[in-house]
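Under this note's numbering, the first residue of the sequence shown is numbered 15, with each subsequent residue one higher. Beta carbons: idealized from backbone N, C-alpha and C, even for Gly. A short worksheet on the structure shown next.
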Amino acid sequence: MQSRAIAILGATGSIGTTTLNVVRAHPSRLRVAGLAAHSRWRELVDPAKEFGVSVIALADPAAAAEARASGAFPAGTRILEGTAGLTEVACLPEISMVVSAVVGTAGLAPTLAALKAKKDVALASKELLVLAGKFVTEAARASGARLLPVDSEHNAIHQLLREKPKGDIARLVLTASGGAFRDTPIADLKHVTLAQALKHPNWSMGPKVTIDSATMANKGLEVIEARWLFDVPADRIDVVVHPQSIIHSLVTLTDGSLQALLSPPSMAYPIQDCLLFPERLPCPAPRLDLAQALTLGMTPPDPARYPCLGLARAAATTGGTAPAIFNAANEVAVAEFVAGKLPFTAIAELVGRTLAAVSAREPGHLDEVLATDAETRVVASRLALGLAR
Ligand code: NAD
Ligand code: MG
């Protein structure tokens with residue numbers, strides 16, 4: 015494989031920094047040409063120097079101004095700002111791939127622009143497919159750019175489906191760790207704290223996706239993500255709780271047999287799979303040690319413990335803008351929980367009430383989805399007042 019130049023959106027985050035570790039391990043294959051983040055510019059100085067990156071973008075203009083004035087970046091570094099800046103980084107002429115790892119939906123415009131410019135996209139931001147799956151997949155199809163899933167479950171399924179005829183696939187099975195409260199008595203969930211919700215049993219991830227794992231809103235988003243990535247309807251996508259996070263997902267074949275993909279719980283594996291696709295090289299992460307006893311459990315998810323999963327499935331069945339409503343309501347609910355304004359169990363309640371209050375429709379244009387997203391945030395913020403602690 016020739017050297018591949020990439021840009022990373024969300025470079026200071028959990029996925030962004032693991033991406034840099036993977037690049038570090040394969041200097042003859044991978045090169046970083048652009049880095050983008052929200053505002054923590056100081057965390058970009060060392061990577062910019064280490065990888066010789068000359069274009070940086072910060073979503074926050076004040077942070078960009080501070081970074082320019084600091085003189086901390088090598089002379090000649092261009093420091094762009096705002097959505098336009100992120101979009102320019104995502105479309106740099108010298109890159110062929112963008113890692114889209116901005117939390118939430120702020121990465122939508124730059125990611126769509128990259129796909130339209132025929133840049134392959136390694137997609138971590140599942141929220142983009144939930145919000146605008148129709149438009150994101152259409153942009154990829156129209157230009158011929160590849161959409162490669164970073165999310166560990168979807169990456170596993172992508173690996174399992176390679177070179178398989180579509181007719182061989184009966185169902186997809188997403189594994190879920192069960193999150194921080196898998197074994198907490200349901201009656202106690204009302205009183206759990208933010209610090210407890212942020213302690214994921216297996217994965218070290220950003221705060222939003224960690225809380226989404228505890229509610230299983232994450233798995234709900236992932237069912238919708240899988241529906242767009244693999245063109246399989248949500249009612250043929252199952253979820254199982256697998257506490258060890260070693261089986262990353264499975265496919266059920268037409269004859270009834272199942273295939274699974276196993277690796278230790280490190281995002282370096284799926285990120286590297288995307289960055290080097292289709293080449294396979296040793297990954298800079300621990301190996302599974304089969305000299306040690308290995309227990310792999312699976313149980314069905316309890317709907318009473320994880321109401322967000324059922325709400326996401328209902329939104330997927332309704333279709334149109336319903337998944338966008340689910341996503342925006344969940345983002346508001348998680349932010350309110352993080353701010354200490356809502357108890358943990360109110361996250362699902364708020365999502366449910368918001369889904370009932372905002373009507374879904376079939377969007378003809380991306381602007382309609384964005385309008386629904388904005389409307390949902392207003393409605394959810396208002397409804398949150400009725401559920402406040
Ligand atoms: P994180 O919170 O660690 O990092 C988020 C990144 O996004 C940061 O670099 C931040 O600067 C940037 N960002 C935030 N708001 C922004 C904005 N408005 N404009 C531009 N940049 C902005 O998050 P993470 O855990 O790395 O997750 C990133 C995405 O990957 C999420 O969509 C998440 O669901 C998905 N994902 C993460 C993991 C994981 O292991 N962390 C696994 C699967 C999927
Ligand atoms: Mg996942």
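Beta-carbon gap between D125 and S114 smaller than 7 Å: It should be pointed out that residue 125 corresponds to Thr in this sequence rather than to Asp. Their beta carbons are under 7 Å apart, which means T125 touches S114 by this criterion.
Give the secondary structure of Q286 by DSSP, where H, G and I count as helix, E and B as strand, and everything else as coil. helix
Output needed for D182: all residues of its chain with C-beta closer than 8 Å, excluding positions within five of it in sequence on either side, in chain order. L267, T268
Going by alpha carbons, who is nearest to G96 out of G90, V112, A123, A89? A123
Helix, strand or coil for P163? Go by DSSP, reduced to three states. strand
Simplified DSSP assignment, three categories, for L356: coil
For Q273, which of helix, strand or coil comes out of DSSP? strand
List the DSSP bridge partners of D226. DSSP, once it has assigned bridges, lists no residue as partnering D226.
So, using beta-carbon positions, are V164 and C288 closer together than 7 Å? yes
Taking 7 Å as the limit between beta carbons, can you name the residues of its chain near L174, skipping five residues before and five after? V265, Q273, L275
Between the beta-carbon of V112 and the beta-carbon of V135, is there less than 7 Å? yes
Based on Cα-Cα distance, which residue from K148, P88, A81 lies nearest to H379? K148
Could you tell me how far apart the beta carbons of E108 and A51 are, in whole angstroms, since I believe they sit closer than 8 Å? 20 Å between Cβ atoms; not a contact.
Range of the contiguous beta strand (DSSP E) that encloses S263: 261–267
Reducing DSSP to helix, strand and coil, say where V117 ends up. coil
Contacting residues, own chain, Cβ-Cβ under 6 Å from K355 (five flanking each side not counted): A402
Where does D226 land, buried or exposed, given buried means 16+ other C-beta within 10 angstroms? buried
Tell me whether M312, by its Cβ, gets closer than 6 Å to a heavy atom of the ligand NAD. no
As assigned by DSSP and simplified to three states, the class of G324: helix
Taking only three categories from DSSP, how would you classify V46? strand
Quick one: what's got a C-beta closer than 6 Å to R45's C-beta in the same chain, skipping five residues either side? S17, A19
Consider the C-beta atom of S166 and the heavy atoms of the ligand MG; say whether any pair is separated by less than 6 Å. yes
Can you look up D245 in the DSSP assignment and give me helix, strand or coil? coil
Residues of its chain near A78, where Cβ-Cβ distance is below 6 Å and the 5 sequence neighbours each way are ignored: L72, I93, E95
Within 10 Å of its beta-carbon, does P61 have 16 or more other beta-carbons around it, so buried, or fewer, so exposed? buried
I'd like to check one pair, A336 with A385: are the Cβ atoms closer than 7 Å? no
Whole-angstrom distance between S166 and E141, CA atom to CA atom: 15 Å
For the segment 292–311 against the segment 327–344, are there 3 or more C-beta pairs whose distance is under 8 Å? no
Under 8 Å Cβ to Cβ from P221, same chain only, skipping five residues before and after it: list those, please. L212, V352
Considering D387, what are the terminal residues of the alpha helix (DSSP H) in which it resides? 380–399
Beta-carbon proximity check, L186 vs I171, cutoff 7 Å: yes
Residue burial classification, M312 (beta-carbon count within 10 angstroms, cutoff 16): exposed
Check D60 in the structure and name its three-state DSSP category. helix
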